[in-house]
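Enquirer:
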Amino acid sequence: MIEQLKKLENTILQIRKQYQLAHQELTTLKQKPSVDAADYSGLKAQLEQCQKERDTLKSNLTELDRRYQSLAEAHHLIGEEQDKLQKQIEILTQKNNELNRLKDKLVEKNRIAAERTQLVMKRLTEIDKAEE
Numbered sequence: 027m028i029e030q031l032k033k034l035e036n037t038i039l040q041i042r043k044q045y046q047l048a049h050q051e052l053t054t055l056k057q058k059p060s061v062d063a064a065d066y067s068g069l070k071a072q073l074e075q076c077q078k079e080r081d082t083l084k085s086n087l088t089e090l091d092r093r094y095q096s097l098a099e100a101h102h103l104i105g106e107e108q109d110k111l112q113k114q115i116e117i118l119t120q121k122n123n124e125l126n127r128l129k130d131k132l133v134e135k136n137r138i139a140a141e142r143t144q145l146v147m148k149r150l151t152e153i154d155k156a157e158e
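Position one of the sequence shown corresponds to residue 27 (this note's numbering), numbered consecutively onward.
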């Protein structure tokens, strides 16, 4: 058991030393950060490229939004025009139906008038033959 406690104590001491070394290294890095110029330049160039892409995409988005608004407005106007035309179609269909009914009445009256005219012509013909 004493042997195990000594092993445990050694393990704790090693962990403590590793912790202190890591803590010292971290403190040193915080005080004097080491910057690799090539890495920094690469990252800076990458950042600038990303910013340019972002600006381009923002511009594209703005243009697409403008076009969308224009299309939405046109769609709205077309919808209003379609509603007006649909109402006109309904009115014209109703008038067409009324005219068809009137036409049917006139055709019927014309048929009756033709029959009566035929009868009158027949009677006149009979009267003319009788007078001769």
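Every residue, glycine too, gets a C-beta built ideally from N, C-alpha and C. The model shown is predicted, which means the values in this text are computed figures rather than measured ones.
Could you tell me which whole beta strand (DSSP E) segments of length 3 or greater appear in the region 103 to 154?
Expert: Those beta strand (DSSP E) runs which fall completely within the region 103 to 154 and span 3+ residues do not exist here.
Enquirer: When DSSP labels each residue in this structure, what does Lys43 get in the three-state scheme?
Expert: Counting from 1 along the sequence shown, the entry for residue 43 is found at position 17. DSSP places Lys43 in helix when its eight states are reduced to three.
Enquirer: Below 6 angstroms CB to CB, which residues in the same chain sit around Glu29 once its five sequence neighbours on both sides are set aside?
Expert: The sequence position of residue 29 within the sequence shown is 3, counting from 1. For Glu29, where only same-chain residues beyond five positions count, there are no Cβ hits under 6 angstroms.
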